[in-house]
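Numbering (my numbering), first residue to last: 191 to 644. All C-beta atoms in this analysis are idealised placements derived from N, C-alpha and C, irrespective of residue type, glycine included. Below: one structure, written as structure tokens.
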């Protein structure tokens, strides 16, 4: 038993060692199994996550696409390309007027979704009350913006901003455009029968060929608007208009009629502005070089462009409006382009900027500024008649602002060679309290070689 016991005792370390090895092995197997399970789970999770990410990305993309389509449908300008593409595709299955001459056509209260008007002639088309015009494919000028189409359909544009909009040949009969901003808008050949344009801003708009028959223009500003013999002003309802968009330092907006207690009688507006239908008004920003303008007009007169004479100039803030009388068949657009190009070239050649030259020292413009400060209109006319002569007095224009009258007086006395010592002395005697300024201008005039011989 002792021997057997010893044998058992001898084998115990071996059994214990084997048990330890088995235990370690089982632990490693468990660890490996656990690691494999975790790895598999992570790998599976990653695979599933990738597909979830793709699905989520697709959902986001679809949402973005749907949002862009909705914005395009709502005429959001940020998605105009999407809208144009969608409208063009939809128009493939709609009524096709592509390239057709639809002048004078009436689409009032018609449903125009998916109708193709691409490159069609749409002069004087009647859109009043039309439905789904935004879903029709239409070429410029009324393709954009959205507000223009709304105006054509509803006729409601009061207080709206249509500045520089292209409204050529549109039908706006009886439209409400009271207090609307149409500054610089192209209204050429537009129909405005009975339209309400009271207090509207028509500054520098193009109204060549426009029909204002029966329109209401009371209180409108028509500063430097472009008209010609084809502009129709028959039966216009108007008590007064303004020739200045912004009042000067004296609060004057050049009301017509001048007397605030007097209004146009029926038919007066058309008669009063009949002369303007044979003239062109050009706006020069930040001043004018009168010497360059004089040479430009002299050159244009010999080029057969239809320019007859310089009617007048008036200053509006820092800007100057030049009024030119032209022949009835003159191409006003070409004439303006030619005059501007020639003027810019001459200003560069003179080496003096145009800015402020209307009131700069040393020239008829500076003299005009002085005369405007020294006299009222009536006083200036009397002074010219007394000191310059009856001929010069007869040459002064009627019905113009004090600024324009002073400028014309300065041009006349310079042209007649009457600016000398006697001229300046007469001014000093008339306005002794301004003698220092008068003598300063006289010196500047003489220093620049502009003193006329006695």
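- The residue among 325, 438, 485 with its C-alpha nearest the C-alpha of residue 304 is 325.
- Here the C-alpha atom of residue 488 lies approximately 32 Å from the C-alpha atom of residue 616.
- Taking a 10 Å sphere around the C-beta of residue 358, we find 16 or more other C-beta atoms and assign the residue as buried.
- Checking the DSSP bridge columns, you'll see residue 522 has no partner listed.
- The shortest C-alpha to C-alpha distance from residue 306 to any of 321, 327, 322, 289 is the one to 327.
- Comparing alpha carbon positions, the residue from 628, 360, 574, 369 closest to residue 378 is 360.
- Excluding its 5 nearest sequence neighbours in each direction, residue 364 has C-beta neighbours in its own chain below 6 Å: 384, listed in chain order.
- Nearest Cα to residue 311 within the set 299, 290, 403: 290.
- For residue 360, there is no enclosing alpha helix (DSSP H), since its DSSP letter is neither H nor E.
- Non-local C-beta neighbours of residue 320 in its own chain, meaning closer than 6 Å and more than five positions away in sequence, comprise 297, 300, 302, 343, ordered along the chain.
- In the three-state reduction of the DSSP assignment, residue 311 falls in the strand class.
- Ranked by Cα distance from residue 288, the options 607, 455, 557, 329 are led by 329.
- Three or more beta-carbon pairs drawn from the segment 382-396 and the segment 404-412 are found closer than 8 Å, and the two stretches are therefore classed as touching.
- With a cutoff of 8 Å on beta-carbon distance, residue 567 and residue 515 are scored as not near each other.
- In terms of CA proximity to residue 308, 284 leads the group 314, 417, 284.
- Spatial neighbours of residue 292 in its own chain (CB-CB distance under 7 Å, excluding positions within 5 residues in sequence) are listed in chain order as 310, 311, 312, 315.
- In the three-state reduction of the DSSP assignment, residue 444 falls in the coil class, being assigned neither a helical nor a strand state.
- Within the segment 336-391, complete alpha helix (DSSP H) segments of at least 4 residues are found at 336-344, given in chain order.
- Shortest Cα-Cα distance from residue 439 to any of 593, 612, 599 involves 593.
- Under the three-state reduction of DSSP output, residue 487 falls in the helix class.
- Counting along the chain, no alpha helix (DSSP H) covers residue 318, and no H or E run does either.
- No Cβ-Cβ contact shorter than 8 Å links residue 371 with residue 348.
- Secondary structure of residue 633 (DSSP, three-state): helix.
- Closest option to residue 557, judged by alpha-carbon separation, among 632, 317, 419, 445: 632.
- Look at residue 625 here: in three-state DSSP terms it is helix.
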